[in-house]
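When the letters of the sequence shown are read in order and numbered with my numbering, they come out as residues 222 to 475. Cβ coordinates follow ideal geometry from the N, Cα and C atoms, glycine included.
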Amino acid sequence: MNPRALYPLRFEPIYQYRLWGGRRLANVLSQPLPGDDPIGEAWLLSDRDDFPSKVADGPLKGRTIAQLTKQWPVELLGKLAGRFTRFPLLLKFLDARELLSVQVHPSDQQTDYLPAGERGKTEAWVVLEAGPGSRVYAGLKPTTTADDLRHAIANHTVADQLASFKPKLGDGVFLQSRTVHSLGDLVVFEVQENSDVTFRLYDWNRVDAKTGQPRTLQIDQAIACLDFAQGALGPVVPLVERDNAGAARAAVSL
């Protein structure tokens, strides 16, 4: 196929069961969700070996993003084509009906905590829906220490150590790697680095209905990767820009 004939590519969403998820992504995607389980994530573009995105229609139907990137690196990655061995972003919708685990992602420099072939993970959210109980946890309250966190985990008071705010529609949240975070009663669009390394610090004392067991925590790794000097994070307010024709568009400055 001539690369000049590449057309706007649409990929099939990859749905992910999450115990904190809901069913609101059916409205976001304007299509029914599979099964009856809570769906927490719909991966829109994923160059992961375990969950590869495939083209939904047209002459390239069924081809993965990895195959396309290998065949047309410059067309898909531009001047950065020589820098990446796979598509560098992972795009998702998240439906957090309940709170995500309190978690931390390592940075690229924390190689002791990265499996072979993985990168660190910086991500950003844009709020699409905010329920009455919506909350974003991002960063720590001042002077919080590792010992404070361990004590709070044991006493189920972790939320008291986290900075948080009530988000509104359109808010952006930028989460640098090493930022402790969670969110709940929200639907967001997520743009993240192509990484799936997550260390759970706390999971709100929940039991997974599918297994009958609490989910595994990685407390030592999460604390080792956490940036204690970062402090509290707040929303990033979108800026309205106008093009030469006067049309308005929203842009989030991260």
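What does the alpha-carbon distance come out to for the pair residue i and residue j?
i: ASP424; j: VAL457; result: 26 Å
i: LEU298; j: GLN288; result: 13 Å
i: THR366; j: VAL409; result: 30 Å
i: TYR334; j: GLY283; result: 34 Å
i: GLY279; j: VAL295; result: 21 Å
i: GLU319; j: ASN465; result: 43 Å
i: SER474; j: PRO253; result: Residue placement at SER474 cannot be trusted, given a pLDDT of 47 that sits under 50; what the coordinates show is reported in the next sentence. Cα-Cα distance, rounded: 33 Å.
i: GLY338; j: ARG399; result: 19 Å
i: LYS431; j: GLY243; result: 15 Å
i: ALA263; j: ALA317; result: 12 Å
i: ALA453; j: GLN292; result: 43 Å
i: PRO234; j: PRO255; result: 11 Å
i: THR419; j: VAL325; result: 6 Å
i: LEU422; j: PRO388; result: 22 Å
i: SER274; j: ARG231; result: 10 Å
i: VAL276; j: ASN248; result: 22 Å
i: ASP401; j: ASP381; result: In the sequence as displayed, the identity of residue 401 is Val instead of Asp. So the alpha carbons of these two residues sit roughly 13 Å apart.
Reducing DSSP to helix, strand and coil, say where residue i ends up.
i: GLY341; result: coil
i: ALA247; result: helix
i: VAL476; result: A query on residue 476 cannot be resolved here, the shown segment of the chain reaching from 222 to 475 and no further.
i: LYS313; result: strand
i: TYR358; result: strand
i: ASP381; result: helix
i: VAL458; result: coil
i: GLN434; result: strand
i: LEU475; result: Reliability of the predicted coordinates at LEU475 is poor, the pLDDT of 45 falling under 50, and the value obtained from them is presented with this limitation in mind. Here LEU475 sits in coil by DSSP.
i: ASP270; result: coil
i: HIS326; result: coil
i: GLY242; result: strand
i: ASP510; result: Outside the displayed span of the chain (222 to 475) sits residue 510, for which this structure offers no information.
Nearest to residue i by CA position, among the options, is which residue?
i: GLU414; options: ASP316, GLY405, LEU312; result: LEU312
i: VAL348; options: ASP464, GLU411, LEU265, PRO234; result: GLU411
i: LEU265; options: ILE286, PRO259, ASN248; result: ILE286
i: PHE272; options: LYS387, LEU230, PRO388, GLN237; result: GLN237
i: LEU315; options: GLN397, LEU250, ARG304, ALA443; result: LEU250
i: GLN451; options: GLN397, SER322, LYS275; result: GLN397
i: ASP429; options: ASP258, LEU383, GLN442, LEU407; result: ASP258
i: ARG245; options: LEU227, LEU321, GLY352; result: GLY352
What does DSSP give as the partner residue(s) for residue i in the beta ladder?
i: THR285; result: LYS275
i: LEU254; result: DSSP output for LEU254 lists no bridge partner at all.
i: TRP264; result: ILE235, LYS313
i: GLY393; result: VAL347, VAL457
i: LEU485; result: Given that the chain is displayed from residue 222 to residue 475, the structure contains no residue 485 and the question cannot be resolved.
i: VAL412; result: LEU312, ALA345
i: ASP368; result: The partner list for ASP368 (beta bridge, DSSP) is empty, contrary to what the question assumes.
i: TYR423; result: VAL323
Item checked: Contact between the segment 423–441 and the segment 351–362 (3+ Cβ pairs under 8 Å) -> No, because fewer than three Cβ pairs between the segment 423–441 and the segment 351–362 fall closer than 8 Å, the two stretches do not touch.
Margin query: Check whether the segment 383–398 and the segment 334–347 are in contact - that is, three or more C-beta pairs closer than 8 Å.
Written below: yes
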